[in-house]
Amino acid sequence: MSKRFPDRLDPWRCADLGKAFSGQLPLDALLRLSACLLKPAGVVHFELIFSRDPQRRAILSGWLKTALSLQCQRCLEEVILPIDIRLSQVFVRGLDEAGLLSESLDPCLVEEEQVTFTDLIEDELLLALPQVAMHDSGICPASLLASPDEMPIESNEQERENPFAVLAELKRDKH
């Protein structure tokens, strides 16, 4: 990570000062995200802008752009997921304050008076990951194979004997 970005920052002070940060971070510097990736190579480009809204709340706006290497869960090959996130968050000090926000505002809970700079970026990238990574069905090698529903059902020439047929015969013999 470049030294021109602080490790930790006070979001309220940054909002008061109108701070803005832009640049790029290597994906392998984001440890929690790297654990989810097939190949933690590449960078995330970002712009983070701190400001105050008309209600004097500390706001984070900006964007993140990258391409993430994930493992397709159909074919187990690499699938590249392009990411382009627009940020719009309100910093809050507690869950009570977050509950007072309208649903259109995304709260960012600050448990201490400072936040970790890379966590602001990494948290958004983690939220952008799909639950199940897959190629589009027309592109995935596994989807080009016939699905089980399309496979012909082999008919068994010999009819299977019902295992309860013996019980039915016993019942008939008693009558």
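For the sequence shown, the numbering used here assigns the number -16 to the initial residue and increments by one for each residue that follows.
No residue lacks a Cβ here, since even glycine has one placed at the ideal position from N, Cα and C.
Between the C-alpha atoms of residue i and residue j, what's the straight-line distance to the nearest angstrom?
{"i": "residue 98", "j": "residue -10", "result": "9 Å"}
{"i": "residue 59", "j": "residue 28", "result": "27 Å"}
{"i": "residue -4", "j": "residue 86", "result": "25 Å"}
{"i": "residue 169", "j": "residue 125", "result": "Nothing can be reported for residue 169: it is not among the residues displayed for the chain, which extend from -16 to 158."}
{"i": "residue 14", "j": "residue 22", "result": "12 Å"}
{"i": "residue 121", "j": "residue 111", "result": "23 Å"}
{"i": "residue -12", "j": "residue 90", "result": "23 Å"}
{"i": "residue 78", "j": "residue 71", "result": "18 Å"}
{"i": "residue 83", "j": "residue 57", "result": "42 Å"}
Count the other CB atoms within 10 Å of the CB of residue i; is the residue buried (16 or more) or exposed (fewer)?
{"i": "residue 147", "result": "exposed"}
{"i": "residue 24", "result": "exposed"}
{"i": "residue 38", "result": "exposed"}
{"i": "residue 45", "result": "buried"}
{"i": "residue 114", "result": "exposed"}
{"i": "residue -2", "result": "buried"}
{"i": "residue 3", "result": "exposed"}
{"i": "residue 136", "result": "Per-residue confidence for residue 136 stands at a pLDDT of 49, beneath the threshold of 50, marking its modelled position as unreliable; the derived number appears in the next sentence. With fewer than 16 other Cβ atoms within 10 Å, it is exposed."}
{"i": "residue 36", "result": "exposed"}
{"i": "residue 150", "result": "exposed"}
{"i": "residue 95", "result": "exposed"}
With a Cβ-Cβ cutoff of 8 Å, do residue i and residue j count as a contact?
{"i": "residue 109", "j": "residue 51", "result": "no"}
{"i": "residue 48", "j": "residue 63", "result": "no"}
{"i": "residue 8", "j": "residue 68", "result": "no"}
{"i": "residue 123", "j": "residue 19", "result": "no"}
Could you spell out where the beta strand (DSSP E) holding residue i opens and where it closes?
{"i": "residue 122", "result": "Careful: residue 122 lies outside any beta strand (DSSP E) and carries neither H nor E."}
{"i": "residue 113", "result": "Neither: residue 113 is in no beta strand (DSSP E) and is coded neither H nor E."}
What is the residue span of the alpha helix (DSSP H) that residue i lies within?
{"i": "residue 89", "result": "No alpha helix (DSSP H) contains residue 89, which is instead part of the beta strand (DSSP E) from 89 to 92."}
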